[in-house]
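Colleague:
There are 2 protein chains.
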Amino acid sequence: MTERPALSKGEIEVARVLWDLKHATVREVYAAFPNSRGIDFTTVQTYLRRLEKKGYVNAKLDGRTRVYTPRVKPRTVIRETVDDLVDRLFAGETFPLMQHLIEDRNVSQEDLDALKILLEQLTEARHESE
Amino acid sequence: MTERPALSKGEIEVARVLWDLKHATVREVYAAFPNSRGIDFTTVQTYLRRLEKKGYVNAKLDGRTRVYTPRVKPRTVIRETVDDLVDRLFAGETFPLMQHLIEDRNVSQEDLDALKILLEQLTEARHESE
DNA sequence: TTGACTGAATTACAAATGTAATTAGACTTT
DNA sequence: AAAGTCTAATTACATTTGTAATTCAGTCAA
Numbered sequence: 108m109t110e111r112p113a114l115s116k117g118e119i120e121v122a123r124v125l126w127d128l129k130h131a132t133v134r135e136v137y138a139a140f141p142n143s144r145g146i147d148f149t150t151v152q153t154y155l156r157r158l159e160k161k162g163y164v165n166a167k168l169d170g171r172t173r174v175y176t177p178r179v180k181p182r183t184v185i186r187e188t189v190d191d192l193v194d195r196l197f198a199g200e201t202f203p204l205m206q207h208l209i210e211d212r213n214v215s216q217e218d219l220d221a222l223k224i225l226l227e228q229l230t231e232a233r234h235e236s237e
Numbered sequence: 108m109t110e111r112p113a114l115s116k117g118e119i120e121v122a123r124v125l126w127d128l129k130h131a132t133v134r135e136v137y138a139a140f141p142n143s144r145g146i147d148f149t150t151v152q153t154y155l156r157r158l159e160k161k162g163y164v165n166a167k168l169d170g171r172t173r174v175y176t177p178r179v180k181p182r183t184v185i186r187e188t189v190d191d192l193v194d195r196l197f198a199g200e201t202f203p204l205m206q207h208l209i210e211d212r213n214v215s216q217e218d219l220d221a222l223k224i225l226l227e228q229l230t231e232a233r234h235e236s237e
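Protein sequence lines, in the order shown, are assigned to chains A and B.
One gets my numbering by counting positions in the first sequence from 1 and adding 107 to each.
One gets my numbering by counting positions in the second sequence from 1 and adding 107 to each.
1) With burial defined as no fewer than 16 other Cβ atoms inside 10 Å of the residue's Cβ, what is the status of L95 (chain B): buried or exposed?
2) On the CB-based measure, 16 or more other CB atoms within 10 Å of its CB, does I224 (chain A) come out buried or exposed?
3) Can you pull the chain A residues whose beta carbon is under 9 Å from the beta carbon of D92 (chain B), in chain order?
4) How would you list, in chain order, the residues of chain A whose beta-carbon sits under 7 Å from the beta-carbon of I119 (chain B)?
5) With H, G and I counted as helix, E and B as strand and the rest as coil, what does DSSP make of K180 (chain A)?
6) D211 (chain B): buried (16+ other C-beta within 10 angstroms of its C-beta) or exposed?
7) Between which two residues does the beta strand (DSSP E) carrying L168 (chain B) extend?
8) Find the residues of chain B that neighbour R233 (chain A), judging by a C-beta separation of less than 9 Å, and give them in chain order.
9) Specify the secondary structure class of A139 (chain B) as computed by DSSP and reduced to three states.
10) Got a sec, what are the start and stop residues for the alpha helix (DSSP H) P203 (chain A) sits in?
11) So who's on the other strand from V174 (chain A), going by DSSP bridges?
12) Tell me whether the beta-carbon of L168 (chain A) lies closer than 8 Å to the beta-carbon of E118 (chain A).
13) Are the CB atoms of R178 (chain B) and G162 (chain B) within a distance shorter than 8 Å?
14) Leaving out the 5 sequence neighbours to the left and right, which residues in its chain are closer than 7 Å to W126 (chain A) when beta-carbon positions are compared?
15) Comparing the C-beta of T230 (chain A) with each C-beta of chain B, is any distance below 8 Å?
16) Is E227 (chain A) buried or exposed, if buried means 16 or more other CB atoms sit within 10 Å of its CB?
17) Return no unless some Cβ of chain A is closer than 8 Å to the Cβ of Q201 (chain B).
18) Among all the DSSP beta bridges, which residues are the ones paired with A131 (chain B)?
19) Going along chain A in order, which residues have a C-beta closer than 8 Å to the C-beta of K116 (chain B)?
20) Who are the Cβ neighbours of V174 (chain A) in its own chain at under 8 Å, not counting the five residues just before and after it?
21) In this structure, does DSSP put E227 (chain B) in helix, strand or coil?
Below, the structure written as structure tokens:
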């Protein structure tokens, strides 16, 4: 089963950076944060260690420095995280979330158009595989 | 400012029940949980107390029993919670989340159609107000 | 070789969270 | 009125999370 403990907010932030970098040391992850974030080097270090313990990243020693690489794909984490949110906030229903996103946020016209295209494609794909 | 502390997962669960009931005692909220949830009466009690402290619900004494009522609307909590998720997981971009919802989940054809209509409506509304 | 310096590992710690045990107050029944 | 019983309030506590201080191990300049 998927029994990985869920990620905390801070852990997700760090995981995202690591997905971008593909593999990186603590220092590199730390450097990738904008200064405005005001996060401490050792805090990043802690998050990476916890990500490793939770099974989300691998670490191998290069000299005396640990190099981290993602172990779980973004898509998987996204799915699990969004699942959880949808369960808690919408009793498992996806539609209300989409409705909220479309109606209560400022979606640009470009995004709206892109969405329409997505929907069309999906509808067509379904008809084909019938 | 919106400076209410964010809700935890458990707190959201309880808040949702209270939104449904409009106003309720601890016992009523507790009763509204399915048995399968396996949550303790006193746990619900704790969550309600914390929701009150955080400013999400009001409580008034009826005899010696506390009756809770929502103080913050679902829509507001949803907005804040989803904002937070989108920030953490998608760097604030709404589109990737919608894309995920549409592509990586099993959206029914009815939902797809409903979405298209939503999109159309929004597009029209925009053209009018130009 | 000995401090000073650099960078990484280890340890720390308060606050938040999930979960519930314990205590206390009011109502009932002998 | 004492004992038992409900129900609600108070207190407790381990775990997780956010955040970082502290320690330790090489390296370099004096």
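Where a beta carbon is used, it is the ideal one built from N, C-alpha and C, also for glycine.
Modeller: Straight from the coordinates:
1) With chain B covering 108 to 237 only, the question about residue 95 (chain B) has no answer from this structure.
2) Sixteen is the threshold: since fewer than 16 other Cβ atoms of the shown chains lie within 10 Å of the Cβ of I224 (chain A), the residue is exposed.
3) Within the shown structure, residues of chain B are numbered from 108 to 237, placing residue 92 (chain B) beyond reach of any answer.
4) Correct list: R195 and L196.
5) Correct three-state label for K180 (chain A): coil.
6) That one is exposed.
7) For L168 (chain B), the uninterrupted beta strand (DSSP E) segment begins and ends at V164 to D169.
8) Going along chain B in sequence order, the residues near R233 (chain A) (Cβ under 9 Å) are Q216 and L219.
9) Here A139 (chain B) carries a helix assignment [DSSP, helix/strand/coil].
10) Per DSSP, P203 (chain A) belongs to the alpha helix (DSSP H) from F202 to D211.
11) DSSP, once it has assigned bridges, lists A:K167 as partnering V174 (chain A).
12) Cβ atoms of L168 (chain A) and E118 (chain A): not closer than 8 Å.
13) Yes. Within cutoff.
14) Counting only Cβ-Cβ distances below 7 Å, and skipping sequence neighbours, we find P177 and P181.
15) Cβ-Cβ to chain B under 8 Å: yes for T230 (chain A).
16) With a threshold of 16 other beta carbon atoms within 10 Å, E227 (chain A) falls short and is exposed.
17) What sits at residue 201 (chain B) in the sequence shown is Thr, not Gln. For T201 (chain B), the answer is yes, since a Cβ of chain A falls inside 8 Å of its Cβ.
18) Looking at the DSSP assignment, A131 (chain B) forms a beta bridge with B:Y175.
19) Neighbours of K116 (chain B) on chain A, chain order: D191 and R195.
20) Once the five neighbours on either side are set aside, the close Cβ partners of V174 (chain A) are H130, A131, T132, A166, K167 and L168.
21) Here E227 (chain B) sits in helix by DSSP.
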